[in-house]
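Notes follow the structure.
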Amino acid sequence: MRASLTTLLALQLAGEIVTRSLGLPVPGPVIGMLLLFIALMLRGGPGHELQGTSHGLLQHLSLLFVPAGTGIMAHLHRVADEWLPLLLSLFVSTAATLAVTALVMKLCLRDRAAGEAP
Amino acid sequence: MNPQLGQLWVYLAASPLLGLTVTLLAYQGAFWLYRRSGMNPLANPVLIAVAVLVLLLTATGTAYESYFAGAQFVHFLLGPATVALAVPLYTQFRRVRAMLLPVLAGLVSGCITAALSAVLVARLFGASLPTQLSLAPKSVTTPIAMGIAERIGGIPSLTAVLVIVTGILGAVGARWLFDALRLRDPAIRGFAIGIASHGIGTARAFQVSEEAGAFAALAMGLNGVLTALLVPAFAGWLG
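Residue numbers (the numbering used here), protein chains in the order written: chain U, 1 to 118; chain F, 119 to 357.
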């Protein structure tokens, strides 16, 4: 728990340093995640301890969004003013994303199946 | 309010303890309701907890800043939790290597569709620029989406709520849409749900089957990374 939490924080710090010093538009923790992913590929998987710590953190991931989500109270006027574009955007975009992703994959799989046929 | 109680309130309102405890209590209660509902996506615990806290803070006249002074200790963990997402991503990545080409094609097309269609529809119906920017990362998991919103000039807390609503829409509606399009492959259905509606959709996919869930989890991780690379790079074009 102790060593793996240090690893996670150190990688987050490394990510912040990388994005800020290179002026990258990507959030620091995402770079930290990529660094950890690369490390896992090289090492051939997470150790027992890291597995446990990340499981513990991710199991209650949704709790961690609550403080930031509550910040919506400062923007309720915006939601009240722009509820129609917001709602339409969410509905249309969610449906379009589901359909496009699934249809593109289906097309690729069919091509592959056709290519493999004798 | 009698003087002693008044003093107590002054102490509590200024202490980080209250904001922290209230956050945990609201979430506990919301999670209990979610379980009682049989994990119905409409009873999303984050949405319920946020609604309860907003009502509570408004009713007691508490400023968000003094609440956040306590709640920031929970908020801080989002950073290491985002780094930790590499662990499930690695586990899923090994599992689905065989389908690399369709997975990559679905990822790229889905990622672009998610951000572009959200921004364009909002723009078409007259949303302001900060609102458009807050919508752009709405399909990726909350910690990454909030980081992106902050970077491109959106409103992170608005993004957090939009992300959750997107997750609920996908989790509730995907089944109906896939049936209408005659898409039956659980790998494809799972992957598309993970791209469009991140963790909430992934949880739903795991309820359907292990295979759909594994593909959804992979899609969520990959889309988080790709969106974090693409959206900030193109956000400047919107201005």
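Ideal placement from N, C-alpha and C gives every residue a C-beta, glycine not left out.
Straight-line Cα distance separating residue j from residue i
i, j, result
"F:LEU299", "F:PHE309", "15 Å"
"F:ARG212", "F:ARG153", "32 Å"
"F:CYS229", "U:PHE37", "20 Å"
"U:PRO140", "F:ALA233", "Nothing can be reported for residue 140 of chain U, as the shown portion of chain U is limited to 1 through 118."
"U:ALA117", "F:ALA216", "Residue confidence for U:ALA117 is low, a pLDDT of 46 falling below 50, so the modelled location carries little weight; the figure read from the coordinates is stated next. About 18 Å."
"F:THR345", "F:TYR129", "44 Å"
"F:PHE243", "F:LEU126", "49 Å"
"F:ALA187", "F:LEU171", "14 Å"
"F:PHE149", "F:LEU238", "35 Å"
"F:GLU93", "U:PRO67", "The shown model of chain F, from 119 to 357, leaves out residue 93 of chain F, and the question about it has no answer."
"F:LEU287", "U:LEU107", "25 Å"
"F:SER155", "F:HIS316", "21 Å"
"F:LEU222", "F:SER133", "49 Å"
"U:GLN51", "F:GLN210", "14 Å"
"F:LEU347", "U:GLU49", "30 Å"
"U:VAL30", "U:GLY23", "14 Å"
"F:ALA335", "U:LEU8", "20 Å"
"U:ILE72", "U:GLY45", "39 Å"
"F:ALA289", "F:ALA144", "23 Å"
"F:ASN158", "U:ALA99", "23 Å"
"U:VAL79", "F:THR139", "28 Å"
"F:VAL326", "F:GLY124", "53 Å"
"F:LEU196", "U:GLN59", "12 Å"
"F:GLU329", "F:MET264", "29 Å"
"U:ILE65", "F:THR180", "First, the amino acid is wrong: residue 65 of chain U is Phe here, not Ile. The straight-line gap from Cα to Cα measures roughly 20 Å."
"U:SER93", "F:ILE318", "16 Å"
"U:LEU90", "U:THR70", "20 Å"
"F:ILE273", "F:VAL192", "19 Å"
"U:ALA14", "F:GLU268", "19 Å"
"F:TYR185", "F:ALA177", "13 Å"
"U:ILE17", "F:ALA351", "19 Å"
"F:VAL415", "F:ARG293", "No statement about residue 415 of chain F is possible, as the shown extent of chain F runs from 119 to 357 and does not include it."
"U:ASP81", "U:LEU42", "50 Å"
"U:MET105", "U:HIS55", "30 Å"
Chain F contact residues for residue i, given Cβ-Cβ distances below 9 Å
i, result
"U:GLU82", "ALA240, PHE243, GLY244, ALA245, SER246 and THR249"
"U:GLN12", "GLY197, PRO198, THR200 and VAL201"
"U:GLN59", "Ordered by position in chain F, no residue passes the 9 Å Cβ test against U:GLN59, which lies about 10 Å from the chain."
"U:LEU42", "Those within 9 Å of U:LEU42 in chain F number zero; the least Cβ separation is about 11 Å."
"U:GLY32", "GLY197, PRO198, THR200, VAL201 and ALA204"
Other residues of its chain near residue i: CB distance less than 6 Å, five sequence neighbours each side excluded
i, result
"F:ALA337", "PHE309, GLY312 and ILE313"
"F:LYS256", "ALA236, LEU280, VAL281 and THR284"
"U:GLY47", "none"
"F:GLY224", "PHE309"
"U:THR19", "VAL26, GLY28 and ILE31"
"F:THR141", "ALA189 and VAL192"
Under 8 Å by beta carbon: chain U residues contacting residue i
i, result
"F:HIS193", "LEU64, PRO67 and ALA68"
"F:ALA346", "VAL26, PRO27 and VAL30"
"F:ARG269", "PRO25, VAL26 and PRO27"
"F:ALA144", "VAL66"
8 Å contact criterion, which residue i and residue j should meet: CB distance rounded
i, j, result
"F:VAL283", "U:MET33", "Contact flag wrong, Cβ pair sits at about 24 Å."
"F:ILE266", "F:VAL349", "6 Å"
"F:ALA323", "U:LEU40", "With 8 Å as the limit, F:ALA323 and U:LEU40 do not qualify as a contact, their Cβ atoms being about 23 Å apart."
"F:GLY339", "F:PRO206", "7 Å"
"F:THR71", "F:VAL226", "No statement about residue 71 of chain F is possible, as the shown extent of chain F runs from 119 to 357 and does not include it."
"U:LEU57", "F:PRO198", "6 Å"
"F:ALA332", "F:VAL214", "7 Å"
"U:THR97", "F:THR231", "5 Å"
"U:PRO27", "F:ILE262", "7 Å"
"F:LEU295", "U:ALA95", "6 Å"
"U:LEU61", "U:LEU35", "The Cβ separation is near 20 Å, so there is no contact."
"U:HIS75", "F:SER246", "At roughly 11 Å, the Cβ-Cβ gap does not stay under 8 Å, so U:HIS75 and F:SER246 are not in contact."
"U:LEU109", "F:PRO220", "5 Å"
Spatial neighbours of residue i in its chain, beta-carbon cut-off 7 Å, leaving aside the 5 residues before and after
i, result
"F:ARG241", "GLN250"
"F:LEU301", "ARG307"
"F:ALA353", "LEU251, ALA254 and ILE270"
"F:LEU136", "LEU130 and GLY188"
Contact list for residue i against chain F, beta-carbon separation under 7 Å
i, result
"U:SER54", "ALA202 and VAL205"
"U:ALA96", "THR231 and SER235"
"U:LEU104", "Correcting the residue type first, residue 104 of chain U is Val in the shown sequence and not Leu. Within 7 Å Cβ-Cβ: ALA223, GLY224 and SER227."
"U:LEU22", "Near U:LEU22 there are no residues of chain F at all, since even the closest Cβ is about 13 Å away, more than 7 Å."
"U:ALA99", "LEU295 and LEU299"
8 Å Cβ shell around residue i - same chain, five flanking residues per side excluded
i, result
"F:LEU151", "ALA161, PRO163 and ILE166"
"U:THR53", "MET1, SER4, LEU5 and LEU8"
"F:ALA305", "VAL214, MET217, GLU329, ALA330 and PHE333"
Contact set between residue i and chain U, taken where Cβ atoms lie within less than 9 Å
i, result
"F:MET264", "PRO27, PHE65 and ALA68"
"F:PRO350", "LEU24, PRO25, VAL26 and PRO27"
"F:GLY342", "VAL30 and MET33"
Chain F residues whose Cβ lies nearer than 8 Å to that of residue i
i, result
"U:ILE72", "VAL168, VAL172, SER275, LEU276, ALA278 and VAL279"
Partners in chain U for residue i, counting only beta-carbon separations shorter than 7 Å
i, result
"F:GLN190", "PRO67"
"F:VAL164", "SER62, PHE65, VAL66 and GLY69"
"F:GLY288", "THR94 and LEU98"
"F:THR139", "Near F:THR139 there are no residues of chain U at all, since even the closest Cβ is about 13 Å away, more than 7 Å."
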